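Residue numbers (our numbering): 11 to 550.
Step one of this worksheet: look at the structure below.
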């Protein structure tokens, strides 16, 4: 039999155009044996996976060349059978895999290893601007490490926008020639710059005058009421009441002192005042009032410790304070914040942030500080996430991302945390989350990866990836789509809905885990000790 299969394989390779596909030798031998008898790829895969341990045990053995069409057929048969037998969500692909868009269009799980800040703030089905929309933007911030390597397929749109008078500002650890202006920040301090810019926007565009008031009332959670809970000799923010106040602020009456997290000088506490009102037995304030306290934007008559002005270096988050963290002069951070606010006001929100990859353990908090700038200025559709397709991303729960790292996730909590994660590893927290039914990816039966991972996920029938330990190298996505259309009898990919999601953008992520880490509202965490995956990255 092995001789017949080898001859069959050779004849097929000569029939089709050879490509770069590689397949596990044990898998392809068994697949051809079953398929030649049944003459139905989907039925063959169903029978093969009924006894899949035959080739799973051989995973990591020698891979042999396979023609691209047969490789696509094999992948399509696995996807069709798995979808019909186990459900579409058991087919998964990492967001950076060539098959990610195909899997997402079929209703599968598109997984991410990166922070989920855009979904937390803008909603689970947020669709950012397309590349050509960059050319129509009036102001673009290229923000992150990848921007010095911005020579990608989208680069012509940046150049086209500059011909129309668009201003491009690059923010990162290296300068770029594609920008009109560059802010060079120290690695890991992007969040500090974003917080200082938010301080300026709140002061000059919400207190001095209010051009974005209507936007804030209708499209953000700023007027939402938040319950305050007593702690020590003051209060801490509790859960949102789910009701909207008839105005942004309750300023003008009673005020209390609240305790807020501070991480720039070790786990510490900020003491700031907020206006409050009574709601039955509860003491409440608005998200807007809490936000002003977090950013340190003072108003007369409120208790607590406040910055004396933009040039105060001791209190976060002023332009002068960020200069000590980032190395960006205070005057330049002030200038960029004003340009962003004025341009958004005059153009109706035609400002865009193109985020690069922030190689820090606390990148999710930096992204949330950057996203807050768009929310405050009415540019909620201006988050140009690279590769975004409008398909919801699901946290990647293969345990290689949270192995026995012996790290203490409780060490990331703020000074007044309740100890939910004290002396616990990220692995134990994630396993608890799965047990409790948090919305995460179920164990995949078919998984497409963009790069090697270890250890390999258990109980996977087909592992598609570049590493020799994977069953199949990634086939061409168009060939797989064509094979899916033939085998399933319907179009392979359903285009995601491009409409903007309904609901409000959230600057308060009201979740117990976010409160435990002191990250329910935008904050700054300096670069330093982190864990492979924080529970807050899984919050929807």
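Note that beta-carbon positions come from the ideal geometry of N, C-alpha and C, so glycine has one too.
Remember, it's a predicted structure, so these values are computed and weren't measured experimentally.
A contact is defined here as three or more CB-CB pairs under 8 Å, and the segment 186-195 fails this definition with respect to the segment 361-369. Contact between residue 97 and residue 537 is absent: CB atoms are separated by about 40 Å, not below the 8 Å threshold. When the Cα atoms are used, residue 300 and residue 128 turn out to be separated by approximately 21 Å. In the DSSP assignment, the residues bridged to residue 250 are 236. The three-state reading of DSSP puts residue 549 in coil, since its state is none of H, G, I, E or B.
For residue 153, there is no enclosing alpha helix (DSSP H); the residue is part of the beta strand (DSSP E) that begins and ends at 149-153.
With fewer than 16 other beta carbons inside 10 angstroms of its own, residue 289 counts as exposed. Here residue 356 is exposed: its Cβ has fewer than 16 other Cβ atoms, across all protein chains shown, within 10 Å. For the 9 Å CB-CB criterion, residue 343 and residue 206 form a contact.
Residue 293: member of the beta strand (DSSP E) spanning 292-296, first to last residue. Of all alpha-carbon atoms in 59, 105, 541, the one lying nearest the alpha-carbon of residue 90 is that of 59.
Around the C-beta of residue 333, 16 or more other C-beta atoms lie within 10 Å, and the residue is accordingly described as buried.
Look at residue 420 here: in three-state DSSP terms it is helix. About 19 Å separates the beta carbon of residue 88 from that of residue 478, a gap too long to meet the 8 Å contact definition.
DSSP, reduced to helix, strand and coil, places residue 274 within a strand of the structure shown. Collapsing the DSSP output to three states places residue 309 in coil. Below 8 Å, enough C-beta pairs join the segment 261-274 and the segment 236-253 to call them touching: three or more. Residue state for residue 515 is assigned as strand, using DSSP reduced to three classes. Remark: three or more beta-carbon pairs, one from each stretch, lie closer than 8 Å, so the segment 306-314 and the segment 268-288 are flagged as touching. Between the alpha carbons of residue 85 and residue 67 lies a gap of roughly 19 Å. Burial check for residue 353: the Cβ neighbour count within 10 Å reaches 16 or more, so the residue is buried.
Collapsing the DSSP output to three states places residue 176 in coil.
Between the alpha carbons of residue 285 and residue 516 lies a gap of roughly 21 Å.
Of the candidates 311, 313, 339, the residue whose Cα lies closest to the Cα of residue 321 is 339. Counting C-beta pairs with one atom in each stretch, the segment 374-393 and the segment 220-234 have three or more that are closer than 8 Å, which means they touch.
Judged by DSSP in its simplified three-state form, residue 282 adopts strand. Remark: three or more beta-carbon pairs, one from each stretch, lie closer than 8 Å, so the segment 525-537 and the segment 425-436 are flagged as touching. The DSSP-derived three-state label of residue 32 is strand. Between residue 217 and residue 179, the C-beta spacing is not below 9 Å. By the C-beta density criterion, residue 347 is buried, having at least 16 other C-beta atoms within 10 angstroms.
The Cβ-Cβ distance between residue 100 and residue 82 does not fall below 9 Å. Separation of residue 547 and residue 45 (C-alpha to C-alpha, rounded to the nearest whole angstrom) is 43 Å.
Rounded to the nearest whole angstrom, the C-alpha separation of residue 38 and residue 150 is 49 Å. Boundaries around residue 364 are those of the beta strand (DSSP E), 361-365, since no alpha helix (DSSP H) includes it. In the DSSP secondary-structure assignment, residue 393 is bridged to 363.
Separation of the CB atoms of residue 460 and residue 106 is rounded to 4 Å, and the pair is thereby assigned contact status at 8 Å.
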